[in-house]
Amino acid sequence: MGLEIKIPAVGESITEVTIAKWLKADGDTVERDEIIAELESDKATFELPAETAGTLRIKVAEGETIDIGTTIAEIDGAGTAAPQAAPAAAAAPAASATDPIAKGEENPRASDQAGYGGQPEGGAAAGNGSQSGGGATVEMTIPTVGESITEVTVAKWLKADGDTVERDEIIAELESDKATFELPAEAAGTLRHAAKEGETISIGATIARIEGGSGASAAPKADAPKAAAAAAPAGNAAAGTGSNSYATGTPSPAAGKILGEKGISPADVAGSGRDGRITKEDAQNASAKPAAAPAAPKAAPASAKNEANSQPLTANSSERNQRRERMSNLRKTVARRLVTVKNETAMLTTFNEVNMQPIMDLRTKFKDKFKEKNGVGLGFMSFFTKAVCVALQEWPSVNAQIDGTDIVYNDFCDISIAVSAPKGLVVPVIRNAELLSFEGIEKEVVRLATLARDNKLTLEQMTGGTFTLTNGGVFGSMMSTPIINAPQSAILGMHNIIQRPIAENGQVVIRPMMYLALSYDHRIIDGRESVSFLVRVKELLEDPTRLLLGV
Numbered sequence: 001m002g003l004e005i006k007i008p009a010v011g012e013s014i015t016e017v018t019i020a021k022w023l024k025a026d027g028d029t030v031e032r033d034e035i036i037a038e039l040e041s042d043k044a045t046f047e048l049p050a051e052t053a054g055t056l057r058i059k060v061a062e063g064e065t066i067d068i069g070t071t072i073a074e075i076d077g078a079g080t081a082a083p084q085a086a087p088a089a090a091a092a093p094a095a096s097a098t099d100p101i102a103k104g105e106e107n108p109r110a111s112d113q114a115g116y117g118g119q120p121e122g123g124a125a126a127g128n129g130s131q132s133g134g135g136a137t138v139e140m141t142i143p144t145v146g147e148s149i150t151e152v153t154v155a156k157w158l159k160a161d162g163d164t165v166e167r168d169e170i171i172a173e174l175e176s177d178k179a180t181f182e183l184p185a186e187a188a189g190t191l192r193h194a195a196k197e198g199e200t201i202s203i204g205a206t207i208a209r210i211e212g213g214s215g216a217s218a219a220p221k222a223d224a225p226k227a228a229a230a231a232a233p234a235g236n237a238a239a240g241t242g243s244n245s246y247a248t249g250t251p252s253p254a255a256g257k258i259l260g261e262k263g264i265s266p267a268d269v270a271g272s273g274r275d276g277r278i279t280k281e282d283a284q285n286a287s288a289k290p291a292a293a294p295a296a297p298k299a300a301p302a303s304a305k306n307e308a309n310s311q312p313l314t315a316n317s318s319e320r321n322q323r324r325e326r327m328s329n330l331r332k333t334v335a336r337r338l339v340t341v342k343n344e345t346a347m348l349t350t351f352n353e354v355n356m357q358p359i360m361d362l363r364t365k366f367k368d369k370f371k372e373k374n375g376v377g378l379g380f381m382s383f384f385t386k387a388v389c390v391a392l393q394e395w396p397s398v399n400a401q402i403d404g405t406d407i408v409y410n411d412f413c414d415i416s417i418a419v420s421a422p423k424g425l426v427v428p429v430i431r432n433a434e435l436l437s438f439e440g441i442e443k444e445v446v447r448l449a450t451l452a453r454d455n456k457l458t459l460e461q462m463t464g465g466t467f468t469l470t471n472g473g474v475f476g477s478m479m480s481t482p483i484i485n486a487p488q489s490a491i492l493g494m495h496n497i498i499q500r501p502i503a504e505n506g507q508v509v510i511r512p513m514m515y516l517a518l519s520y521d522h523r524i525i526d527g528r529e530s531v532s533f534l535v536r537v538k539e540l541l542e543d544p545t546r547l548l549l550g551v
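Going by UniProt numbering, the sequence shown opens with residue 1, and the numbers climb by one from there.
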């Protein structure tokens with residue numbers, strides 16, 4: 001067995017990643033530290049380097065979503081890992097329950113397997129030595145999936161008790177309070193459940209046992225990724241059999257969630273993943289069949305005719321359907337965190353309105369020359385960012401945050417901007433926005449928005465902001481009370497621009513008006529400061545020459 005390449009921990013709150021792209025093919029020769037794959041989390045995209053030189057053996061297909069710590073590939077080294085694997089495998093069946101190699105005490109690879117029951121490649125159970133069908137019994141334990149996660153729920157068994165399973169075959173789906181991930185078999189043999197579906201068990205607890213047969217499929221395993229990849233385009237047939245495998249037509253957890261939100265059945269989606277598994281990209285590209293909708297109205301008259309003498313049918317009876325779905329643990333966590341912000345902060349919102357006519361006139365006059373000179377358009381975000389930075393420096397408590405019993409004041413303005421990305425709302429940060437010009441802010445907004453749409457934002461680019469701007473107006477919101485982006489103490493909500501009558505110099509005129517909403521933590525920001533901050537922003541926006549002159 002070569003060196004196993006596992007998904008590294010990439011952040012405290014990240015528990016699963018998606019293999020966005022393999023940069024090296026199965027069987028390729030790679031060098032140490034050479035980039036072999038691109039991985040995507042729900043927050044960032046990062047690269048995976050080879051940990052040693054050798055031949056790459058891919059174990060997880062492109063597009064699959066897997067949990068932290070999962071083995072995704074092996075690298076067969078030239079004379080390092082390979083000679084050690086054979087003696088270990090040969091010694092495993094003969095090892096006694098007290099043999100330190102069987103326990104994993106002296107085996108250098110045993111620690112790498114700790115997250116998956118601490119089993120060496122030979123399949124000997126740590127501290128167990130029981131035999132069944134000529135092979136050892138492998139105990140499978142719940143792997144560590146995150147620093148703060150202590151228990152998981154058996155969401156679904158994909159293989160029944162007593163079924164024969166292959167090594168690395170997905171046997172169950174587990175849910176934590178942050179993510180859903182898959183559990184692969186650690187050996188080939190007969191599966192015995194040790195936990196029931198729906199049961200919540202702690203990290204490290206035994207979830208299943210695999211009895212015997214672990215050596216039978218070890219030899220052809222190296223070619224499994226190639227066989228699966230070749231078979232998938234030919235109708236998703238399992239490698240070497242001509243029949244569908246367990247994964248054919250089965251969505252990954254992320255894909256299943258997307259299909260559920262779209263109301264699309266997995267049977268209507270062709271899987272492009274390993275063994276025909278439906279990947280997240282398949283789900284995102286899937287669309288409901290248009291022919292399915294007209295079927296219901298045609299069936300209704302026949303049903304009404306058959307039951308005319310028994311019970312009446314209401315006009316909308318065929319549309320009164322309900323669908324119940326279990327809330328994902330990820331959604332539960334998001335909900336809990338939002339409630340935590342509401343409960344642990346003295347959040348209050350103050351409102352004002354801004355006449356956007358001066359900014360709109362200025363943009364109309366100079367936007368073409370601005371774009372011609374700077375290569376970027378002149379939008380509203382640069383005006384709001386500049387105005388907010390000026391006001392934050394005048395009212396430093398709005399730019400501060402609470403840390404225990406201390407108040408941390410920031411003499412810089414790192415402005416978080418809410419951006420709608422394919423995976424949801426992300427909040428990248430414009431660093432030292434108070435030092436940037438209109439051109440610099442617009443270029444930074446475009447750069448961060450592009451990274452967000454391409455799912456290329458890093459964790460560093462989304463952490464450390466001191467104040468947040470969010471624009472619900474682009475979706476048509478007229479007024480809202482935005483929730484503070486903790487640990488920040490305030491957030492400014494921008495809304496849509498509506499032509500409204502207002503009094504101006506004793507006359508009623510029509511002006512493009514926008515409502516502004518400032519949500520703030522009343523523990524650190526007083527009413528006088530919050531209102532004065534918002535009034536200052538209003539003054540700067542209604543007379544944008546102040547921003548240029550710094551007055």
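We put the CB at the ideal spot given by N, CA and C, even for glycine.
Do residue j and residue i come within 7 angstroms of each other at the CB atom, strictly closer than that value?
i	j	result
Ile538	Asn352	The question names Ile, yet the displayed sequence has Lys at residue 538. Going by C-beta atoms, Lys538 is nearer than 7 angstroms to Asn352.
Thr144	Ile75	no
Leu158	Ile142	no
Thr55	Thr18	no
Thr345	Ile484	yes
Met381	Val445	yes
Lys196	Glu173	no
Skipping 5 residues on each side, what residues in its chain have a beta carbon closer than 7 angstroms to that of residue i?
i	result
Val388	Ile415, Phe467, Leu469, Leu492, Val537
Asp33	Pro49, Ala50
Met462	Lys43, Val426, Val427, Pro428, Val429
Tyr515	Phe351, Glu353, Met478, Met479, His495
Glu62	Ile19, Lys21, Trp22
Glu47	Ile35, Glu38
Lys443	Val376
Ser287	none
Phe370	Leu378
What's the gap between the Cα of residue i and the Cα of residue j?
i	j	result
Lys332	Val376	40 angstroms
Ser541	Thr350	In the sequence on display, residue 541 carries Leu and not Ser. Each residue's Cα considered, the two are about 17 angstroms apart.
Val408	Ile402	6 angstroms
Met327	Ala335	11 angstroms
Gly440	Ala421	22 angstroms
Lys456	Thr45	5 angstroms
Leu451	Arg500	36 angstroms
Lys24	Ala73	11 angstroms
Lys183	Lys386	According to the sequence displayed, residue 183 carries Leu and not Lys. The alpha-carbon atoms of Leu183 and Lys386 are separated by roughly 50 angstroms.
Ala222	Gly2	Confidence at Ala222 is low in this model, with a pLDDT of 39, below 50, so its placement is unreliable and the value that follows should be read with caution. Computed Cα separation, rounded: 11 angstroms.
Asn355	Thr481	20 angstroms
Glu4	Ile68	14 angstroms
Arg546	Thr153	58 angstroms
Phe533	Ala490	11 angstroms
Asn343	Ile524	15 angstroms
Pro266	Asn285	13 angstroms
Val508	Val419	37 angstroms
Lys298	Glu319	The predicted position of Lys298 is uncertain, since its pLDDT is 43 and thus under 50; a value taken from the coordinates is nonetheless stated next. Approximately 13 angstroms, taken between the alpha carbons.
According to DSSP, what are the bridge partners of residue i?
i	result
Gly27	According to DSSP, Gly27 bridges with nothing at all.
Ile402	Ile407
Leu492	Leu469, Leu518
residue 558	There is no way to answer for residue 558, as the model of the chain reaches only from 1 to 551.
Asn355	Met513
Met381	Paired residues: none, contrary to the question.
Thr340	Bridge partners of Thr340: none, in fact.
Val419	Val426
Met347	Asp521
With a CB to CB cut of under 8 angstroms and the five nearest residues on each side skipped, what residues in its chain are close to residue i?
i	result
Arg192	Asp161, Gly162, Ala208, Arg209, Ile210, Glu211
Gly27	Thr55, Leu56, Arg57, Lys226
Pro544	Pro358, Ile359, Leu362, Phe383
Gly473	Met494, His495, Asn496, Ile497, Met514
Pro487	Gln401, Ile402, Asp403
Glu281	Gly63, Ser272
So, at 6 angstroms on beta carbons, what are the nonlocal neighbours of residue i in its own chain, with the 5 sequence-adjacent residues on each side left out?
i	result
Val531	Thr350
Ala410	The sequence given here has Asn at residue 410, not Ala. For Asn410, where only same-chain residues beyond five positions count, the Cβ hits under 6 angstroms are Asn399, Thr466.
Ile14	Ser41
Ala433	Thr385, Cys389, Cys413, Ile415
His522	Ala346, Leu348
Met140	Gly117, Glu186, Ile207, Ala208
Thr70	Ile7
Can we count residue i as close to the ligand COA, meaning its CB is less than 6 angstroms from some heavy atom?
i	result
Ser532	Summarising the ligand content, the structure contains no ligands, and the ligand COA is consequently not present.
Which parts of the segment 423-488 are runs of the alpha helix (DSSP H), unbroken and 4 residues or longer, counting only runs that do not cross its ends? 438-453
In chain order, which beta strand (DSSP E) runs of at least 3 residues are fully inside the UniProt domain "Lipoyl-binding" (137-211)? 151-157, 170-175, 180-184, 189-193, 200-202, 206-211
Hey, which unbroken runs of the beta strand (DSSP E) at 3 residues or more fall wholly within the UniProt domain "Lipoyl-binding" (2-76)? 3-6, 16-22, 35-40, 45-49, 54-58, 65-67, 71-76
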